[in-house]
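Protein chains in written order, with my numbering: chain W, 1 to 174; chain D, 1 to 289.
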Amino acid sequence: MTHGGAAAYYRQMTFAAAAEQHLDEVYAYLAYLTGDRSVAEDLAAETFEKAFRLWPRFDPARGSARVWLCQIARTTALDWLRAERRRRARENVYALHEIATADEPAFGEGLPPGLERALAALSPGEREVIALRVLLELEGRTAARVLGISETACSTRLSRALARLEREVAEDVA
Amino acid sequence: MLPELLVAARPAASPALRERVRAIAAAEPSPRRRLPRRRLALAGALAVVLAATASGLAVGLSGHSAAPHFGPVVVSSPPVAHGAVGTAPAVLPPAPGRLQDYRAHLELRVPTATALSDRTKRAMRIARRLGGVVTKVDLSTQGRGGTALIVLRVPIGRVQDAIGELSALGRIVSQHVVIVDAERKIEALRKQVQDSTGDARQVAQAQLQRELRRARLSTLAVGLSTPPVAVPVPEPPHSESTAARILEAEGRIALYTLLIAGPILLVGAGIWLVVRALRRRSERRLLET
């Protein structure tokens, strides 16, 4: 679909249709970013509440609904991460560590446990770029726009993240 | 290998979350569209520029008709009769055999104040030579300029000669001739003299003599003047220059505003950049942990 065609498509799209179409992607992105599926569910709901309020301001000419929703999801997740860091600092409780060691898989159904653990060992930033580029299959330029960095930096970040993931998997197997 | 595994196992939203999102979307707002802010800002800027240009042009064009005239000082000059500048005027001759009240006014231009005095004397001599009289001379000079008014009474039969000679005293600027037939008035006075007696007859007789004298002598007024001295004055305000001046003033205001607001804007931009950098750094740290 061309950019103009996509703009026309999204212009006629209702919020309900956009939410239905991109819910899984937003949820997956948030699950990778937070490393916690229950948190990701709450943040996804919060994301769509915000998006619902902001939908009249959505401009299809400036980007697709998927990218727009991802940007809102990112802001929501960053707010949560800040609050979580403050809470951890206050209570000295490592919530993410607890989640990562929980029995429930955080990053997908049917993932090998070693890969699940390797993903949990990654930083949120590393998981985020993998989610955007691998899971959501965003182009480098689009992913860079969501992350607020250059395309080159995005590419570098993805390479490092995948390299580290492979390293973590290898260490886990060893 | 790893990417394929990750994609295959991508987490999907639970039915509960799907229901929550559907509930949110159920109260869908009206599809109110807004113009992007950038386009609004651009449109606003364009509107301001157009308004400034239009107001400048409008004021300039309206000022063209209403603005006071600051051009070179030009002494008001009546239109020259028959285009006879510097040449003998087309003199209206008196009707032969009829009594008429003949009055003429010539406006002549002489080069200098010295010539003004000389031509005044010559005008007086012309009147006397033609059997007329000088009834008024008003000569006024100031510096290299001046004016003179000479009123002559010349026999009606010599009026054409008089006007011809007088018009040679300078360059003709204008002339005005009035001829009023006096036959009926004089006839009425004659009848009044015949019919009346005593004092009334004497009064009527005096009036009759006055009218007859007036009908015999024409009245010639000659105005002499030197050329007006042009005073250098500012450039006349054309509409284009007025519009340009207004636009220049607007540009000056914009420049002053920029000079005043520039440092504030720079500081603001600097603060914004610092805040953005700090925020990104904070985000990076947040996502690294």
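Heads up, the beta-carbon is just placed ideally off N, CA and C, and yes, glycines get one too.
Roughly how many whole angstroms lie between the Cα atoms of residue i and residue j?
i: D/Gly170; j: D/Ala215; result: 28 Å
i: D/Ile264; j: D/Val48; result: 22 Å
i: D/Ala45; j: W/Leu138; result: 36 Å
i: D/Val133; j: D/Arg119; result: 16 Å
i: W/Glu20; j: W/Leu78; result: 23 Å
i: D/Val110; j: D/Gly143; result: 14 Å
i: W/Glu126; j: D/Tyr256; result: 50 Å
i: W/Val67; j: W/Val146; result: 7 Å
i: W/Ala16; j: W/Trp55; result: 10 Å
i: D/Arg210; j: D/Pro93; result: 22 Å
i: D/Arg252; j: D/Ile260; result: 12 Å
i: W/Leu136; j: W/His22; result: 10 Å
i: D/Gln160; j: D/Arg245; result: 57 Å
i: D/Ser14; j: D/Ala23; result: 14 Å
i: D/Thr289; j: W/Arg82; result: 11 Å
i: D/Glu283; j: W/Pro124; result: 10 Å
i: D/Arg276; j: D/Glu240; result: 48 Å
i: D/Ala243; j: D/Leu50; result: 13 Å
i: W/Glu49; j: D/Arg20; result: 10 Å
i: W/Glu41; j: D/Ala254; result: 53 Å
i: D/Thr197; j: D/Gln205; result: 10 Å
What does residue i touch in chain D if you count any residue whose Cβ is under 9 Å from its own?
i: W/Arg37; result: Pro11, Ser14
i: W/Glu41; result: Ala13, Ser14, Ala16, Leu17, Arg20
Identify the contact partners of residue i in chain W, using a Cβ-Cβ distance below 8 Å as the criterion.
i: D/Tyr24; result: The displayed chain sequence assigns Ile, not Tyr, to residue 24 of chain D. Chain W residues near D/Ile24: Ala19, Ala45, Phe48, Glu49, Phe52.
i: D/Leu5; result: Leu111, Pro112, Leu115
Since residue i meets chain D, which of its residues come closer than 8 Å, beta carbon to beta carbon?
i: W/Glu166; result: Leu2
i: W/Ala28; result: Arg10, Pro11, Ala12
i: W/Ala16; result: Arg22, Ala25, Ala26, Glu28
How many whole angstroms separate the CB atoms of residue i and residue j, which I take to be in contact at a CB cut-off of 8 Å?
i: D/Ile150; j: D/Ala123; result: 5 Å
i: D/Leu166; j: D/Ile186; result: Not quite, the Cβ-Cβ distance comes to about 27 Å (not below 8 Å), so this is no contact.
i: D/Gln192; j: D/Ala104; result: D/Gln192 to D/Ala104, Cβ: 30 Å. No contact.
i: D/Ile156; j: D/Gln100; result: 7 Å
i: W/Ala118; j: W/Asp36; result: At roughly 17 Å, the Cβ-Cβ gap does not stay under 8 Å, so W/Ala118 and W/Asp36 are not in contact.
i: W/Leu111; j: D/Ala9; result: 4 Å
i: W/Asp172; j: W/Gly114; result: 4 Å
i: W/Ala61; j: W/Ala18; result: Contact doesn't hold; Cβ gap of about 15 Å is too wide.
If the cut is a Cβ gap below 9 Å, which residues of chain C does residue i touch?
i: W/Pro113; result: Included in the structure are the protein chains W and D, with no chain C among them.
So with Cβ pairs under 8 Å, would you call residue i a contact of chain D?
i: W/Leu23; result: yes
i: W/Val134; result: yes
i: W/Gly63; result: no
i: W/Ser123; result: yes
i: W/Leu158; result: no
i: W/Ala100; result: The predicted position of W/Ala100 is uncertain, since its pLDDT is 49 and thus under 50; no value can be drawn from it.
i: W/Ala161; result: no
i: W/Ala83; result: no
i: W/Leu138; result: no
i: W/Leu69; result: no
Do residue j and residue i come within 8 Å of each other at the CB atom, strictly closer than that value?
i: W/Ala45; j: D/Leu17; result: yes
i: D/Ala113; j: D/Gly145; result: yes
i: D/Val154; j: D/Leu224; result: no
i: W/Thr34; j: W/Ala73; result: no
i: D/Pro3; j: W/Ala31; result: no
i: D/Leu108; j: D/Val203; result: no
i: W/Leu158; j: W/Arg141; result: no
i: W/Ala131; j: W/Glu168; result: no
i: D/Leu220; j: D/Ala162; result: yes
i: W/Ala161; j: W/Cys154; result: no
i: W/Gly148; j: D/Arg285; result: no
i: D/Leu106; j: D/Ile172; result: yes
i: W/Thr75; j: W/Leu43; result: no
i: D/Leu139; j: D/Ala127; result: no
i: W/Tyr29; j: W/Cys70; result: yes
If we define contact as Cβ-Cβ less than 8 Å, is residue i a contact residue for chain W?
i: D/Glu288; result: yes
i: D/Arg281; result: no
i: D/Arg252; result: no
i: D/Leu265; result: no
i: D/Val275; result: no
i: D/Asp17; result: Inspection of the sequence shows that residue 17 of chain D is occupied by Leu rather than by Asp. Answer yes: the Cβ-Cβ gap between D/Leu17 and chain W drops below 8 Å somewhere.
i: D/Leu247; result: no
i: D/Val48; result: no
Starting from residue i, find everything on chain D with Cβ-Cβ shorter than 7 Å and list it in chain order.
i: W/Glu128; result: Leu287
i: W/Glu171; result: Within 7 Å Cβ-Cβ: nothing; W/Glu171 doesn't reach chain D, min ~14 Å.
i: W/Ala31; result: Pro11
Let me check you understand the geometry: is the CB of residue i closer than 7 Å to at least one non-hydrogen atom of the ligand ATP?
i: W/Val67; result: Annotation note on the ligand ATP: not contained in the displayed structure, which lists no ligands.
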